[in-house]
Amino acid sequence: MNRFFRRPHIEGQPDSADGQTSKFKPATPPVSRSGNGTATDGATGAAIMVPCPHCHTALYVRELEDNLHVCPKCGTHLRLGARTRIAATLDPDSFVEWDADVRSVDALQFAVGTHVYAEKLATAQAKTGEADALITGGGAIAGEACVVAVADFAFMGASMGSVYGEKLVRAAERAKRERLPLVTFNTSGGARMQEGLFSLMQMAKTTAAIVALGAAGLPHIAVLTDPCYGGVTASYATVADVILAEPGARIGFAGKDRIAQIMRTKLPEDSQTAEFQLVHGMVDAVVPRRELRQTLATLLALYRPPAPPPPTNAEHFDAERNPAHDTAPHAAPHETGRIPAPAHR
Ligand SMILES: [Zn+2]
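Be aware that the sequence shown starts at 1, since it is given in our numbering, and climbs by one per residue.
Right, here's the structure in full:
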């Protein structure tokens, strides 16, 4: 409760020694409520209660965080930031980020009226603290080493621009080099139109990288989260070996209204939901967020590339006679120290 009703420290005044509220009222009320049902800590400005967007129940932020941002009343899966997703899914301290400094350039000098791409980009970077909408790196899920790519919808709607595509391709290529599976967490509003053709070409580029990964016998497991649209749905995310989706996630290419308008027809109410896509064969399973980590661990174990065969007698003899000669063609990725060792290998 201290967190909610903590007396704010007022510059130049000592805090009361016994922790009790002094006779002076705090400069701001302890809790303020806005019209949409959000309650904030008057001292820090941090939200302490937010309404569920579906059932409108007022939910404590801390309770929501403990429940992986799933409404405990109606089960709605709220959006999860990329960093929170990584922390909730990967083994503690196993994640090593790659290519964090790759940044978009405004190649087209895109500006329409008051919409200036360079400014939008700078605002998104300042707001999220990220360089772009996709975070990639190596890590482990329940001891299973893997490469992960996680999109963050808070960064310009996770639109797929040149940096998003480039980072995904680098992640897939590194997964191939290090003989690791690739897990992608996808959410996107579509292509980043401010980058024009540079954005659209990422569809072909990322798909080609995923195809090359598959040709090398390594799996790509895609998790589709709300919302997943446009170029991401239409490219690498839906050519995965296994496609999982979170309950209620909206998945499609163009929006429902646009399709209804073009086709001059009414779409089913539940079309473009994960459950609808499951029934129609576009996703393999709808997995609640709380079960996602275990499901991924099971899939990674099932898809684990076979261990290299033990050395033959002749190779063993050769290695003993000449220790400098390495009979193993490649050191396993976890042996290079770049990826944590899997628990059961
Ligand atoms: Zn709810």
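Glycine residues also receive a C-beta, built at the ideal position from the N, C-alpha and C atoms.
| query | Can you tell me the Cα-Cα spacing of T128 and A314, whole angstroms? | reply | Indexing the sequence shown from 1 puts residue 128 at position 128. Indexing the sequence shown from 1 puts residue 314 at position 314. Their backbone Cα atoms lie some 57 Å apart in a straight line.
| Is any heavy atom in ligand 1 found nearer than 7 Å to the beta carbon of C146? | Looking up residue 146 in the sequence shown gives position 146. Incorrect: C146 has no Cβ contact closer than 7 Å to ligand 1.
| request: Report the residue from P311, A151, V61 whose alpha carbon sits nearest the alpha carbon of G137. | output: Numbered from 1 along the sequence shown, position 137 holds the residue referred to as residue 137. Of P311, A151, V61, the residue nearest in Cα terms is A151.
| Do you know whose CA, among A46, A39, A43, G45, lies nearest C52's CA? | Counting from 1 along the sequence shown, the entry for residue 52 is found at position 52. When only C-alpha atoms are compared, the closest one is A39.
| task | Decide if G281 is buried, meaning its Cβ has at least 16 other Cβ atoms within 10 Å, or exposed. | result | Position 281 of the sequence shown holds residue 281. Its Cβ having fewer than 16 others within 10 Å, G281 is exposed.
| request: Label M49 either buried or exposed according to how many other C-beta atoms from any shown protein chain fall within 10 Å of its C-beta, with 16 as the threshold for buried. | output: Translated into positions along the sequence shown, residue 49 becomes position 49. Per the 10 Å Cβ criterion, buried.
| query | Alpha carbon to alpha carbon, how far is N67 from T184? | reply | Position 67 of the sequence shown, counting from 1, holds the residue named residue 67. Position 184 of the sequence shown, counting from 1, holds the residue named residue 184. If I take the Cα positions, the gap works out to 22 Å.
| query | Hey, how far is the Cα of R289 from the Cα of A215? | reply | As a first step, residue 289 must be located in the sequence shown, where it is residue number 289. As a first step, residue 215 must be located in the sequence shown, where it is residue number 215. So the alpha carbons of these two residues sit roughly 30 Å apart.
| message | To the nearest angstrom, how far is the alpha carbon of V287 from that of G113? | response | Residue numbering aside, residue 287 sits at position 287 when the sequence shown is read from its first letter. Residue numbering aside, residue 113 sits at position 113 when the sequence shown is read from its first letter. If you take the alpha carbons of V287 and G113, they lie about 43 Å apart.
| task | Report the rounded CA-to-CA distance for E195 versus R170, giving the unit in angstroms. | result | Taking the sequence shown and counting its residues from 1, the one referred to as residue 195 is at position 195. Taking the sequence shown and counting its residues from 1, the one referred to as residue 170 is at position 170. The alpha-carbon atoms of E195 and R170 are separated by roughly 20 Å.
| query | Distance, Cα to Cα, G81 vs A154? | reply | Here residue 81 is taken as the residue at index 81 of the sequence shown, counted from 1. Here residue 154 is taken as the residue at index 154 of the sequence shown, counted from 1. Those two C-alpha atoms are separated by around 7 Å.
| field | Spatial neighbours of V283 in its chain, beta-carbon cut-off 8 Å, leaving aside the 5 residues before and after | value | By 1-based counting over the sequence shown, the position of residue 283 is 283. The answer, listed in chain order, is L224, I243, L244, A245, I251, A274, Q277.
| Secondary structure of E97, DSSP reduced to three states | As a position in the sequence shown, residue 97 is number 97, starting the count at 1. In this structure, E97 counts as strand in the three-state DSSP scheme.
| said: Let me confirm a value: I86 is counted as buried when at least 16 other C-beta atoms fall within 10 Å, else exposed. Which label applies? | reply: Within the sequence shown, the letter at position 86 stands for residue 86. Answer is buried; the Cβ neighbour count reaches 16.
| query | How should C55 be labelled, buried or exposed, when 16 other C-beta atoms within 10 angstroms of its C-beta is the threshold for buried? | reply | Residue mapping note: residue 55 aligns to position 55 of the sequence shown, counting from 1. Classification of C55: exposed, given that the 10 Å Cβ count is below 16.
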